[in-house]
Amino acid sequence: MGVLYFSICKHLRALVRLGAVALIATCSGCTTQSNTNEIQSQLATIHAYFDVEFSCTSSEAQPVDMLVLEKSPERYVDQCVKTRGFSNGFGLASTAAELHNPSKDPAPNIEVNWKNEAVPKRLRSSPSFVNVVGRVRSCAREDEMMEKSVSLRAKLDHTTPGEIMITGACHTAVFAIFASQATVVPTAMD
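According to our numbering, the sequence shown holds residues 15 to 204 in order.
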């Protein structure tokens with residue numbers, strides 16, 4: 015009887031261990047699903063942030079003088095603005111002189127990310143004044159959101175994120191305007 019009792023107890027312990035392993039596996043699966051849902055939720059928030067970059071319309075944009083925007087762009091971060099500045103296809107400034115020879119105490123650098131790729135191409139060959147409607151963004155925030163997106167995507171895909179190369183308007187700028195609309199003002203040279 016003692017051998018039978020020992021055998022039953024041994025099998026019961028094995029069953030309890032198997033049950034515990036199954037429970038742990040099930041719970042870790044729940045944790046993974048929970049983590050996946052959290053990551054997907056965070057990615058959705060980041061994508062929503064990026065989705066509105068080129069969403070400004072002329073009717074909703076706040077008119078802002080370029081000199082004011084140059085002096086305090088942080089006041090307009092995440093807002094739609096309508097302004098007129100001089101551009102070489104990359105930067106935007108109140109005058110050609112300011113764009114090419116910034117003053118000794120320059121305002122934060124403002125670059126432009128163009129929705130219509132024909133506009134910067136035209137401006138690179140012939141810099142001019144341009145009327146711009148777009149959303150002002152902090153490049154530090156843009157970079158942070160991009161890095162977070164890459165990191166979360168790597169977690170979701172179970173990979174290691176590589177080095178993130180920042181390109182576009184925020185490559186060298188402090189602030190950027192994501193231009194939804196832009197009209198080049200004709201010059202005497204046109």
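A virtual CB, placed ideally from N, CA and C, is assigned to each residue, including glycine.
{"Item": "Reducing DSSP to helix, strand and coil, say where Phe104 ends up.", "Value": "coil"}
{"Item": "According to DSSP, is Phe64 helix, strand or coil?", "Value": "helix"}
{"Item": "Taking the C-alpha atoms as reference points, what is the distance between Ala36 and Ser55?", "Value": "Legend: pLDDT at Ala36 = 39, less than 50; position of this residue unreliable, value from coordinates given subsequently. Near 28 Å, if we compare the C-alpha coordinates of Ser55 and Ala36."}
{"Item": "By the three-class DSSP mapping on this structure, what secondary structure does Ala193 have?", "Value": "strand"}
{"Item": "Taking the straight line between their C-alpha atoms, what separation do you get for Ala58 and Ala111?", "Value": "42 Å"}
{"Item": "Kindly indicate which three-state DSSP category Thr97 falls into: helix, strand or coil?", "Value": "strand"}
{"Item": "Please identify the residue among Glu161, Ala132 and Asp171 whose C-alpha is closest to the C-alpha of Cys208.", "Value": "Outside the modelled stretch of the chain, which goes from 15 to 204, sits residue 208, for which no answer is possible."}
{"Item": "Who are the near neighbours of Glu156 in its chain, counting only those whose CB is closer than 6 Å to its CB and skipping five residues on each side?", "Value": "Cys184"}
{"Item": "If you draw a straight line from the alpha carbon of Ala190 to that of Asn127, how long is it in whole angstroms?", "Value": "7 Å"}
{"Item": "Going by other Cβ atoms of all chains shown within 10 Å of its Cβ, with 16 needed for buried, is Glu125 buried or exposed?", "Value": "buried"}
{"Item": "So for Phe78, helix, strand or coil by DSSP?", "Value": "Phe is not the amino acid found at residue 78; the sequence shown has Val there. Val78 falls in the coil class under three-state DSSP."}
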